[in-house]
Every structure is written in structure tokens, then in C-alpha cells.
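As C-alpha cells, the structure follows; a few thoughts come after it.
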Amino acid sequence: MDSSMKFSAVIEIIGINPFVYVPDAILELIFQQAGKRKGPIPIRGLINGQPYRQTLVKYGGAWRLYINTRMLKDSPNRVGELIEISIELDRESREIEMPTKFREALAADSQAKSVFEQLPPSRALEIVRYLAQLKTEESLDRNVKRAIDFLKGNGRFVGRDKP
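Per the working numbering, the very first residue in the sequence shown carries number -18; after that it's consecutive.
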């Protein structure tokens, strides 16, 4: 990571979310690289030597790097710990491609397709992301059926009762 910037920070918490503040000088460089100062900014780097991918977000007037448990084991229990962080703009695409089987299932069911197209973008992405991460064809087949049923008002999917 040639273009990464390094800093140390103490883990803090807001609500149930552990985070660190990114130093202003590093934020300025990331803003320049990203060509923006608003909206989510994709980043990557190392935390205590372990790679991570995350998104910088501004909340309550402050930019924060949220430290989830994928990034740092037991992060909610590590509030007050000093960690070593490298950070850089992540220019790799984060687009998640809809699985072909789900696309075909939507094309074959106009009711489910209509509901899916009316979902808020974040909810539609949640469904696509879940399906895209499945490892076996059997699991994908089973969950595509569950997703279509869910969109038609039957059953639960991704922890939700109704679309």
C-alpha cells in the first residue's frame, strides 16, 4: 500500500458502534484523492497489520472510521485501546453484481419484479448482496426462491418480515 497514510488512534464508541477519528491532515488528503468532501468515501488499509475495506462516513458533523468486528476482533469490547491504522482511498469497484439466477427469477415473476423495483435502493442492495455472497448452487437456489416468496409477501428474508 504505497499511498497509504498511517496513524494511531484510540477506539471510541457511539451507541454500539466502535470508531476512531481520522486525523484532519489525512482526511484532507483523502478528500483530495476522492475529489469530494461529501458522501461515503471508500477506503482500505491495515488495522494492527490486518487488511480491511470500509467506508468513511460523516455523522453528527464528524468523519469517523467505524471499526466493525470483521476489521478488528471483539472491537466493541476494545474501547480505549490504541490501534495502528493505515488508510488509503479504495479505487476498486464495490459494485455487487446481481446473481444470474435471481435476475432470471425476477424476469419470470412480474409481481416479485415490480416489488423489487419499488424497494429503496439500500433494501434491494441488501438482498442482492446476500444472494451474491452465497457459496453453493444449492444455497443460491434455495435463497432465490425465498427472496421471490418474500417479495410476494410470503415469509421472511434477510431478517425482514415484509418488503
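We treat Cβ as the ideally placed atom computed from N, Cα and C, and that holds for glycine.
Residue span of the beta strand (DSSP E) that contains residue i, given as start and end
i	result
Ile48	Neither: Ile48 is in no beta strand (DSSP E) and is coded neither H nor E.
Ala39	The amino acid at residue 39 is misidentified as Ala; the sequence shows Lys. Looking at the DSSP string, the run of the beta strand (DSSP E) that includes Lys39 is 31 to 40.
Leu8	From DSSP, Leu8 is part of no beta strand (DSSP E) but of the alpha helix (DSSP H) over 5 to 15.
Ser67	63 to 70
Endpoints, alpha helix (DSSP H) assigned at residue i
i	result
Ile77	Premise fails: Ile77 is in no alpha helix (DSSP H) and is neither H nor E.
Asp(-7)	The amino acid at residue -7 is misidentified as Asp; the sequence shows Glu. Taken as a continuous stretch (DSSP letters only), Glu(-7) belongs to no alpha helix (DSSP H), being part of the beta strand (DSSP E) at -7 to -5.
Arg18	From DSSP, Arg18 is part of no alpha helix (DSSP H); its letter is neither H nor E.
Pro102	102 to 113
Asn(-2)	Here Asn(-2) belongs to no alpha helix (DSSP H); instead the beta strand (DSSP E) covers -2 to 2.
Leu53	From DSSP, Leu53 is part of no alpha helix (DSSP H); its letter is neither H nor E.
Arg164	The structure shown has nothing for residue 164, since the chain only spans -18 to 144.
Inter-residue spacing [alpha-carbon to alpha-carbon] between residue i and residue j
i	j	result
Pro80	Gly134	21 Å
Ala15	Pro21	10 Å
Gln99	Ala89	17 Å
Thr36	Ala86	32 Å
Ile11	Asn49	21 Å
Asp128	Glu107	Sequence check: residue 128 is Ala here, not Asp. So the two alpha carbons sit approximately 11 Å from each other.
Asn29	Lys17	28 Å
With 16 other Cβ atoms within 10 Å as the buried cut-off, status of residue i
i	result
Pro(-1)	buried
Asn124	buried
Gln13	exposed
Glu69	buried
Tyr40	exposed
Gly26	buried
Ile66	buried
- Please confirm if the segment 45 to 59 is in contact with the segment 85 to 99, defined as three or more CB-CB distances below 8 Å between the two stretches. These segments do not touch.
- Query: Three or more C-beta pairs closer than 8 Å, one from the segment -10 to 4 and one from the segment 55 to 72: is that the case here?
  - Reply: Under the 8 Å Cβ criterion, the segment -10 to 4 counts as touching the segment 55 to 72, having at least three qualifying pairs.
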